[in-house]
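Peer 1:
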Amino acid sequence: MRYRDGVLCEEETQSADASTKTIELAFDDPISAIAFEFQAQNGTTMNQNNPLSMCVTEVQVVDGSDVLAKMSFEQLQAMEFYKIGKQPQLRIDESGSDYTVMGAMLLFGRHLWDTEFALDPKRFNNLKLKITWNLAAIRAVSATTAWATGTFKITAVAKIMEDMPAPPSKFLMQKELDSWTSGTSGDRRIELPVDKAYRMLMLRAYVAGNDIDENISDIKLTLDTDKFIPLDRKVKQYDSEMAKMYGSIVLWKRLFATSGDIVWVPQNKEPQVNIRPIAADVIPFYNWAWSGRFELYLEDYSSSAISSD
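Structure (structure tokens):
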């Protein structure tokens, strides 16, 4: 068996700041994964707390009206980490005119080059990849303090397996089953489809500045009206177990900030922060770090707060 990269597009600049790009997956050999890298350039002044991962709103693989994969970029990054235990590409830069680069891999198997689970294009009639983005999802596109217009770049590479002894008989489908806006309290019951086997379920509850257990207290998975209950746990305890099981990821982020700013990071729980100043005569430290954020303080050598970014 041989491996090769099928480049679908490479650092292709998109003229529209919000659109959907459709790419035909015209391969004869099985696809183990599709690797993505997205880039966008900051405005000339800065681009604070405007994560590119939230601006790539949807990645889909479809066969006509049949959806084989459908996730946001944040979900895609999380799926890669929880599936294979390796972190996605995380590089954030807020400085003026610099680029943020973030990536992830959509795996159709249990791991890269899985010979049993992969996407076989010959089994489909009209296989396509769709990427949807909106650079103004967090902040309006700007020449100075947000994403610069017309700078979004897409790289997508299919990981192809040639000369396989036998074609893969199945692949792992990844898509969101349910999404809702909760009230201040209550229960939510989700009827899960039963026509396919499950390998993994991911749950996300998002309010900026909250841990998941502040939004969801309990989680229960029940079958046959409680005849079999594989999971019935407090989310706070279960989340701690997940942290021990999967470990940490490392984010590189160049901040453009002033003393007292709240800095966003994609890790939801307590980030371990290590700050290095770029400018001279700057002492950085932080007061607290939890729930995907920390409060930054900057002082000069006379212990005076630095009030400029």
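FYI, in my numbering the residues of the sequence shown are 237 to 545.
No residue lacks a Cβ here, since even glycine has one placed at the ideal position from N, Cα and C.
Treat the numbers as computed from the prediction; the structure is a model and nothing was measured.
1) Assuming residue 438 and residue 318 are in contact, meaning their beta carbons sit under 8 Å apart, how far apart are those beta carbons, in whole angstroms?
2) Between residue 424 and the ligand MG, is there a pair consisting of the residue's CB and a ligand heavy atom that are separated by less than 6 Å?
3) Is the region 289-304 close to the region 449-460, with three or more CB pairs under 8 Å?
4) I need the straight-line Cα distance from residue 276 to residue 365, nearest angstrom please.
5) Going by the beta-carbon positions, is the gap between residue 286 and residue 382 smaller than 7 Å?
6) When you compare only the Cα positions, how much space is there between residue 331 and residue 359?
7) If you follow the alpha helix (DSSP H) that residue 320 is part of, which residue opens it and which one closes it?
8) Going by the beta-carbon positions, is the gap between residue 292 and residue 309 smaller than 7 Å?
9) Under 7 Å between the Cβ atoms of residue 513 and residue 525?
10) Compute the Euclidean distance between the alpha carbons of residue 324 and residue 504, then round it to the nearest angstrom.
11) Using a Cβ-Cβ cutoff of less than 6 Å, which residues in the same chain neighbour residue 551 once the five nearest sequence positions on both sides are dropped?
12) Curious, which full-length alpha helix (DSSP H) runs of at least 4 residues does the region 341-406 contain?
13) What three-state label does DSSP hand residue 268 in the structure shown?
14) Between the Cα of residue 424 and the Cα atoms of 400, 453, 430, which residue gives the shortest distance?
15) To the nearest angstrom, how far is it from the Cα of residue 498 to the Cα of residue 527?
16) Specify the secondary structure class of residue 289 as computed by DSSP and reduced to three states.
17) Measuring straight from C-alpha to C-alpha, what distance separates residue 347 and residue 540?
18) Might you give, ordered along the chain, the residues of its own chain that have their beta carbon closer than 7 Å to the beta carbon of residue 479, omitting 5 neighbours on each side?
19) What did DSSP end up calling residue 415 once you bin it into helix, strand or coil?
20) Which residue wins for smallest C-alpha separation from residue 449, given the options 469, 465, 432?
21) Could you tell me which uninterrupted alpha helix (DSSP H) segments, each at least 4 residues in length, are contained entirely in the region 417-484, listed from first to last along the chain?
22) With DSSP as the reference, label residue 486 as helix, strand or coil.
23) Look up residue 283 in the DSSP assignment and say whether it is helix, strand or coil.
24) Tell me the DSSP secondary structure of residue 503 in three-state form.
25) Pick out whichever of 392, 326, 511, 269 has its Cα sitting closest to the Cα of residue 304.
26) Less than 7 Å between the C-beta atoms of residue 356 and residue 401, yes or no?
27) Provide the residue span of the beta strand (DSSP E) that contains residue 329, from first to last.
28) Cα separation between residue 237 and residue 385?
29) Just tell me which of 484, 265, 429 has its CA closest to the CA of residue 349.
30) Which of helix, strand or coil does DSSP assign to residue 278?
31) CA-CA distance, residue 533 and residue 517?
Peer 2: Taking the structure as given:
1) 7 Å
2) Of ligands this structure carries none, so the ligand MG is not represented either.
3) no
4) 20 Å
5) yes
6) 46 Å
7) 309-320
8) yes
9) no
10) 15 Å
11) Outside the modelled stretch of the chain, which goes from 237 to 545, sits residue 551, for which no answer is possible.
12) none
13) strand
14) 453
15) 12 Å
16) helix
17) 51 Å
18) 505
19) coil
20) 469
21) 448-451, 471-482
22) coil
23) coil
24) coil
25) 269
26) no
27) 326-329
28) 44 Å
29) 265
30) strand
31) 14 Å
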